[in-house]
Each structure stands twice: as C-alpha cells, then as structure tokens.
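Each residue of the sequence shown is one higher than the one before, counting from 19 in this note's numbering. Think of the CB as a built atom: it goes at the ideal place given N, C-alpha and C, for glycine as much as any other residue.
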Amino acid sequence: MVCLLEASEALRSPFRDFIIDMTKQDGHAPVCIICDVFLAWTVEVAHELGIYHSVFITGPGYSMATYVSVSLNMLQCKTEEKEFTLPDFPEAAQIQLSQLGNDLKFTDVPVRFCAPLCYVCAFFFH
19 MVCLLEASEA LRSPFRDFII DMTKQDGHAP VCIICDVFLA WTVEVAHELG IYHSVFITGP
79 GYSMATYVSV SLNMLQCKTE EKEFTLPDFP EAAQIQLSQL GNDLKFTDVP VRFCAPLCYV
139 CAFFFH
C-alpha cells in the first residue's frame with residue numbers, strides 16, 4: 019500500500035496539467051477539487067491554482083486526530099514514562115505506551131503510511 023501511495027506522487031504534474039488544460043477549455047477553473055487523504059498532494063495543486071479543495075478523512079475524527087498528533091510529536095513524546103500527553107492535542111487523554119502500535123513506538127519520523135494524513139493536517143493547521 020505504501021508503494022502505491024508513493025507512486026501516486028508521480029501523478030502530481032499530470033494532474034496539475036489536466037486541471038490547467040480543463041480550465042482553458044471550459045473558460046473557468048473547477049469549483050473545487052475533492053480528494054481522499056491518500057492523495058494529499060492534490061491539496062497543494064489546488065492551493066497553487068487558487069481552487070477550493072476538500073479532503074475526506076474517512077476514519078473516526080478523534081482517533082485520526084490522536085494518530086496524527088502522536089505521529090507528528092513522536093520524537094518529543096519519547097520518554098521513559100509509561101504515559102504521556104500530546105503537546106498539540108491537550109484534549110486527548112493520557113496516552114499509554116502500551117496503546118501504541120509498533121509503527122509508532124519504534125520510529126523516529128512520522129510513519130510513512132501516515133505521512134499523507136500528517137501532511138494534510140499540517141498544511142491546514144500550522
């Protein structure tokens with residue numbers, strides 16, 4: 019799955035060209051671009067072309083927000099303690115190390131699979 023997501027990045031330039039060509043043909047830009055979180059690069063293309071965009075995140079909101087926060091803050095959260103809080107998500111309960119999957123426990127960077135989601139969230143909220 020990760021390879022597919024990384025390969026989709028190669029569609030960025032053809033997608034941008036398609037939107038530009040379509041805009042020239044129709045005489046106006048699309049009203050909006052709607053994408054799934056795994057095509058996060060479309061957000062950047064839409065922003066560059068001045069087109070409204072919407073990203074669907076189909077997972078539960080609280081769970082996804084927690085996962086993204088843990089992924090983005092993993093280096094800061096590395097601790098000997100069995101519990102920690104998330105610096106950018108104080109509404110979240112204490113996180114116990116035992117609750118984390120190995121993809122989060124043993125990494126020094128945001129998880130590759132989570133990278134598109136982290137990108138979208140960082141683009142909008144920072």
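How big is the Cα-Cα spacing for Q112 and I38?
47 Å
Is F74 helix, strand or coil when you go by DSSP?
strand
Between which two residues does the alpha helix (DSSP H) containing I69 stretch?
Looking at the DSSP string, I69 is not in any alpha helix (DSSP H), and its letter there is neither H nor E.
Residue of E101, H71, L22 and L118 minimising C-alpha distance to V86
L118
For F102, which residues does DSSP report across the bridge?
I113
In terms of residue numbering, what span does the alpha helix (DSSP H) encompassing P32 cover?
R30 to D44
Alpha carbon of V127 to alpha carbon of T41, nearest angstrom
In this predicted model, V127 has a pLDDT of only 49, less than 50, meaning its place in the structure is not dependable enough to derive any value.
Of all the options S89, I51 and S31, which has the alpha carbon lying nearest to the alpha carbon of D106?
S89
Count the other CB atoms within 10 Å of the CB of V61; is the residue buried (16 or more) or exposed (fewer)?
buried
I'd like the list of long-range same chain contacts for C53, defined as Cβ closer than 8 Å, with 5 residues on each side in sequence excluded.
T60, V61, H71, S72, V73 and F74
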